[in-house]
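> Below you'll find the structure I mean.
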Amino acid sequence: MAKKQFKTESKRLLELMINSIYTNREIFLRELISNASDALDKRYYLSLTDPDHKVDADELKIRIERYPETRQLVIEDSGVGMTSEELEKNLGTIAKSGSAEFRRQLEKAEDNIDIIGQFGVGFYSAFIVAKKVTVESRSVNGEQGYSWTSSGEDGYVISKIDKPEIGTRITLDLKDNTEEEKFDEFLEEHRIRELVRKYSDYVRYPIVMNVTKSIPDPTEEGKTIDTLEEETLNSMIPLWKKKKSEITDEEYNEFYKTKFSDWEDPEKVIHYSVEGNISYTALLFIPSRTPYNFYYQDFEPGLRLYSKGVFILDKAKDLLPDEYRFVCGLIDSDDINLNISREILQQDRQVKLLAKSIEKKIHSALEDMLKNEREKYENFFDNFGLNLKFGIYKDFGMKKDSLQDLILFRSSKEGKYVTLKEYTERMPEEQKAIYYACGSSVDEIEKLPVLEKIKEKGYEILYFLDERDEFVSGVMRDYDGHEFCSVNKSDLDLDSDEQKKEKEEKTAENKGLLDAMKDALNGAVKEVRISSRLKDDPVIVVADEGVSLEMEKYMANDPMNKNKVKATKILEINPDHPVFEKLKTVYENDPDKIADYADVLLNQALLIQGLPIDDPVGYARKVADLIVKA
Ligand code: ADP
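Everything in the sequence shown is counted per the numbering used here, starting at 1 for the first residue and increasing by one.
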């Protein structure tokens, strides 16, 4: 049969994989065993649910064969196998989804081996040690066997073969040894045994290999001879069925990395069993980094579902609420029907109970982490906090009560993270509202003139660094009876009675000037008023009730949003600033000029708030004019 080329992107990846990975080559074995184990899971499940596909449980195994003379290593399984179309589809394309990202990571990573599994390219790790790979397979759904052969970059050939048994046999022709690199280690009995123990011990199916045994020589008394005998190399106890006290961190981490395709250890392991209305064991993980496609369509959340140790479904998404979709792992329950399908899963009563229980457990694991492992929690929050916030504002805030104590904000207390509980617990007694300021960085927010007055009163300010934070606080409305209040709100109500009185007097004195400025601004602001919140800056623009300045900014940047709503603005002037004195003089001597001053000051105030100005050219000219006259 004609040789086929790998898809272009796949070809480049394969080149990289073959030529850039030198360390930790051994993981190819764990990847191939993991694929074999998945194929066996699928076959076993089929045999339990479809009478046409009955199979004896002891037929399901993985066999490793070593041929030192020809330098070949074989990994064979009696799993579901592949049809010729599946060989083409599964092995002809590398990294279907994240190929570009994969390449980036591969080029960047120093020890890049562990990122292979992550991108659905586990099979290709065979090429790290093999110069030629032959896959012989027969599917449960076909009579004909097929082989797939490739020597790497230059493509692959698929041909018909005779293969009586269902399953897949992968033959690796090991690369030639060089001065620096020896591949013979993968033909040694003890090395293979060691690797299986290290990476694949918990695989549920026997991984067998012929090993050398010394037996008494029948012909010569007192002497022994070596014979080959089949031995099972792995203990076959699923990790989650072992006692917690008997599992090392390293075992958890290895399991996580192999099964859930990550190259970093998880942030948190959640392993527990529940007995009751519904009994189950869960082994869950929170990754220590955000998966590259987490916020994209192709990210598939969900937990692996097992019933009595038998694999049923990958990625059962009904077991996880959206806000915890970053959790991966597996659930093993005796109370779930083996025949359950993705469709039934949604309505099944047991599954609903299960999902509720899982949700509670994840919640308390997060609470616990927040309380006892703050640093870890903050790292977790950097990765997935946004998703918890989504959880709060989705469905009209249905989940806000359970999630509000899990979110963190940076604050004016050294820019550090704070919970709402911590914030309200340490606020001065007379403080009523929870104050927040929006901006894209801590530095940017700390420069805002509006903060001064609030800080002076000793009030802490939350920094909303994400555009969505205001939606979150909007949906929550308050925390523990304290309303959220933007520092840009027109009526902050921070003044003492005396200050209020003073302000009223100044307003009355300058009514003519304030009104003239408002009229000059021609509807751009609802009011021009005396401010009591400014120290060093002459003006500020704030929002009246309703749409906030931050919302206006958010909408302005949202290409999907056609009718750009705007905040009703109020221009506040600092009566203690020299600019105000100047305004008074101009108003008295040359009232026609007030329009230009008002315009320049409003634009300045808009710029400070990061809002667009209507006529930048006009503004620049007026400023130039003022400089010239000064
Ligand atoms: P992943 O396992 O992450 O999907 P791989 O590159 O390791 O990516 O494998 C690609 C696909 O090839 C698998 O999803 C599976 O469908 C198929 N496959 C690989 N090895 C086997 C096997 N031993 N038996 C049956 N199918 C296999």
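The C-beta atom is built at its ideal place from N, Cα and C for all residues, glycine as well.
Taking just the CA atoms, how far does residue 620 sit from residue 611?
Residue numbering aside, residue 611 sits at position 611 when the sequence shown is read from its first letter. Residue numbering aside, residue 620 sits at position 620 when the sequence shown is read from its first letter. Whole-angstrom Cα-Cα distance: 16 angstroms.
> When burial is assigned at 16 or more other CB atoms within 10 Å of the CB, is residue 437 buried or exposed?
Here the question's residue 437 lines up with position 437 in the sequence shown. Flag for residue 437 reads buried.
> Ignore the nearest five residues each way along the sequence and tell me which others in residue 315's own chain have a CB closer than 8 angstroms to its CB.
The residue you call residue 315 lines up with position 315 of the sequence shown. Cβ within range, chain order: 300, 301, 302, 303 and 304.
> So, residue 594 versus residue 586, is the Cβ gap smaller than 8 angstroms?
In the sequence shown, residue 594 corresponds to position 594, counting from 1. In the sequence shown, residue 586 corresponds to position 586, counting from 1. Result yes, Cβ atoms of residue 594 and residue 586 sit closer than 8 angstroms.
> Among the residues of its own chain, which have a CB less than 7 angstroms from the CB of residue 597, if the five just before and after it don't count?
By one-based count along the sequence shown, residue 597 stands at place 597. Excluding sequence neighbours, residue 597 sits near 583 and 586.
> Do the segment 38-48 and the segment 177-194 make contact, defined as three or more Cβ pairs closer than 8 angstroms?
They do not touch, by the three-pair rule.
> Relative to the C-alpha of residue 312, which residue among 626, 203, 441 and 43 is closest?
Here residue 312 is taken as the residue at index 312 of the sequence shown, counted from 1. For the residues 626, 203, 441 and 43, the minimum Cα distance to residue 312 belongs to 43.
> Could you tell me which residues DSSP puts in a beta bridge with residue 137?
Working through the sequence shown from its first residue, we reach residue 137 at position 137. 146 and 168.
> For residue 131, which residues from the same chain have a beta carbon less than 8 angstroms from its beta carbon, with the 5 sequence-adjacent residues on both sides left out?
Taking the sequence shown and counting its residues from 1, one reaches residue 131 at position 131. 151, 152, 173, 174, 175 and 176, listed in sequence order.
> Under 7 angstroms from any heavy atom of ligand 1, does the C-beta of residue 234 make it?
What you label residue 234 is simply residue 234 of the sequence shown in a count that begins at 1. Not under cutoff, so the answer is no.
> Express the C-alpha separation of residue 232 and residue 111 in angstroms, rounding to a whole number.
The residue you call residue 111 lines up with position 111 of the sequence shown. The residue you call residue 232 lines up with position 232 of the sequence shown. The predicted position of residue 111 is uncertain, since its pLDDT is 48 and thus under 50; no value can be drawn from it.
> Suppose you measure from the CA of residue 476 to the CA of residue 322; what does that come to, to the nearest Å?
The residue labelled residue 476 in the question sits at position 476 within the sequence shown. The residue labelled residue 322 in the question sits at position 322 within the sequence shown. Rounded to the nearest angstrom, the two C-alpha atoms are 18 angstroms apart.
> Express the C-alpha separation of residue 268 and residue 529 in angstroms, rounding to a whole number.
For the purposes of this step, residue 529 is taken as the residue at position 529 of the sequence shown. For the purposes of this step, residue 268 is taken as the residue at position 268 of the sequence shown. Looking at the two C-alpha atoms, the distance is approximately 53 angstroms.
> Below 6 angstroms CB to CB, which residues in the same chain sit around residue 625 once its five sequence neighbours on both sides are set aside?
Position 625 of the sequence shown, counted from the first residue, corresponds to residue 625. Nothing meets the Cβ criterion.
> For the beta strand (DSSP E) containing residue 74, name the first residue and the last one.
In the sequence shown, counting from the first residue as 1, residue 74 sits at position 74. Element bounds for residue 74: 72-77.
> Work out the CA separation of residue 378 and residue 457 for me, nearest whole Å.
Counting from 1 along the sequence shown, the entry for residue 457 is found at position 457. Counting from 1 along the sequence shown, the entry for residue 378 is found at position 378. The straight-line gap from Cα to Cα measures roughly 29 angstroms.
> In whole angstroms, give me the CA-to-CA distance for residue 526 and residue 518.
Within the sequence shown, residue 526 is the residue found at index 526, counting from 1. Within the sequence shown, residue 518 is the residue found at index 518, counting from 1. One C-alpha to the other measures close to 7 angstroms.
> By the three-class DSSP mapping on this structure, what secondary structure does residue 277 have?
Residue numbering aside, residue 277 sits at position 277 when the sequence shown is read from its first letter. Correct three-state label for residue 277: coil.
> Does residue 313 come out as helix, strand or coil in the three-state DSSP assignment?
The count along the sequence shown starts at 1 and reaches residue 313 at position 313. Reduced to three states, the DSSP call for residue 313 is strand.
> Give me the Cα-Cα distance between residue 285 and residue 294, rounded to the nearest whole angstrom.
On the sequence shown, residue 285 is found 285 positions in, with the first residue counted as 1. On the sequence shown, residue 294 is found 294 positions in, with the first residue counted as 1. So the two alpha carbons sit approximately 15 angstroms from each other.
> Quick one: Cα of residue 95 to Cα of residue 223, how far?
In the sequence shown, the residue the question calls residue 95 occupies position 95. In the sequence shown, the residue the question calls residue 223 occupies position 223. The predicted model places residue 95 with a pLDDT of 46, which falls under 50 and marks its position as unreliable; any figure quoted below should be read in that light. The straight-line gap from Cα to Cα measures roughly 55 angstroms.
> Of the residues 420, 329, 443 and 166, which one's Cα is nearest the Cα of residue 79?
Counting from one through the sequence shown, the residue named residue 79 turns up at place 79. If we check each option's Cα against that of residue 79, 166 comes out closest.
> Let's see if you can read the secondary structure: which residues bound the beta strand (DSSP E) around residue 331?
Along the sequence shown, read from residue 1 onward, the residue named residue 331 stands at position 331. 328-333 is the span of the beta strand (DSSP E), which, as asked, contains residue 331.
> For my contact list, residue 212 and residue 189 are in at a C-beta cut-off of 8 angstroms; report their separation, rounded to the angstrom.
As a position in the sequence shown, residue 212 is number 212, starting the count at 1. As a position in the sequence shown, residue 189 is number 189, starting the count at 1. About 6 angstroms separates the two Cβ atoms, so the contact holds.
> In whole angstroms, what separates the C-alpha of residue 7 from that of residue 417?
Here residue 7 is taken as the residue at index 7 of the sequence shown, counted from 1. Here residue 417 is taken as the residue at index 417 of the sequence shown, counted from 1. Between residue 7 and residue 417, the C-alpha separation is close to 47 angstroms.
> Provide the residue span of the beta strand (DSSP E) that contains residue 307, from first to last.
Stepping through the sequence shown from its first residue, residue 307 is reached at position 307. Here the beta strand (DSSP E) through residue 307 covers 303-307.
> Please name the residue in 179, 148 and 155 whose C-alpha comes closest to that of residue 645.
With the chain covering 1 to 630 only, the question about residue 645 has no answer from this structure.
> Taking the straight line between their C-alpha atoms, what separation do you get for residue 11 and residue 180?
By 1-based counting over the sequence shown, the position of residue 11 is 11. By 1-based counting over the sequence shown, the position of residue 180 is 180. Cα to Cα, residue 11 sits roughly 26 angstroms from residue 180.
> Looking only at DSSP bridge pairs, what is residue 611 linked to?
Position 611 of the sequence shown, counted from the first residue, corresponds to residue 611. DSSP output for residue 611 lists no bridge partner at all.
> Classify residue 299 as helix, strand or coil using the three-state DSSP reduction.
As a first step, residue 299 is located in the sequence shown; it is residue number 299 there, counting from the start. Three-state DSSP puts residue 299 in coil, outside helix and strand.
> Rounded to whole angstroms, what is the Cα-Cα separation between residue 76 and residue 160?
Looking up residue 76 in the sequence shown gives position 76. Looking up residue 160 in the sequence shown gives position 160. Going from the Cα of residue 76 to the Cα of residue 160 covers about 18 angstroms.
> Using the three-state DSSP reduction, which class does residue 579 fall into: helix, strand or coil?
In the sequence shown, counting from the first residue as 1, residue 579 sits at position 579. Correct three-state label for residue 579: helix.
> Ignoring anything shorter than 4 residues, give me the alpha helix (DSSP H) runs that lie fully in the segment 223-265, in order along the chain.
DSSP runs (the alpha helix (DSSP H)) wholly in the segment 223-265: 249-259.
> What would DSSP say about residue 374, mapped onto helix, strand or coil?
Position 374 of the sequence shown holds residue 374. Helix at residue 374.
> Quick one: is residue 144 buried, meaning 16 or more other Cβ sit within 10 Å of its Cβ, or exposed?
The residue given as residue 144 occupies position 144 in the sequence shown. Classification for residue 144: exposed.
> Within the present structure, is the beta-carbon of residue 152 separated from the nearest heavy atom of ligand 1 by less than 7 angstroms?
In the sequence shown, residue 152 corresponds to position 152, counting from 1. No, the Cβ of residue 152 stays beyond 7 angstroms of every heavy atom of ligand 1.
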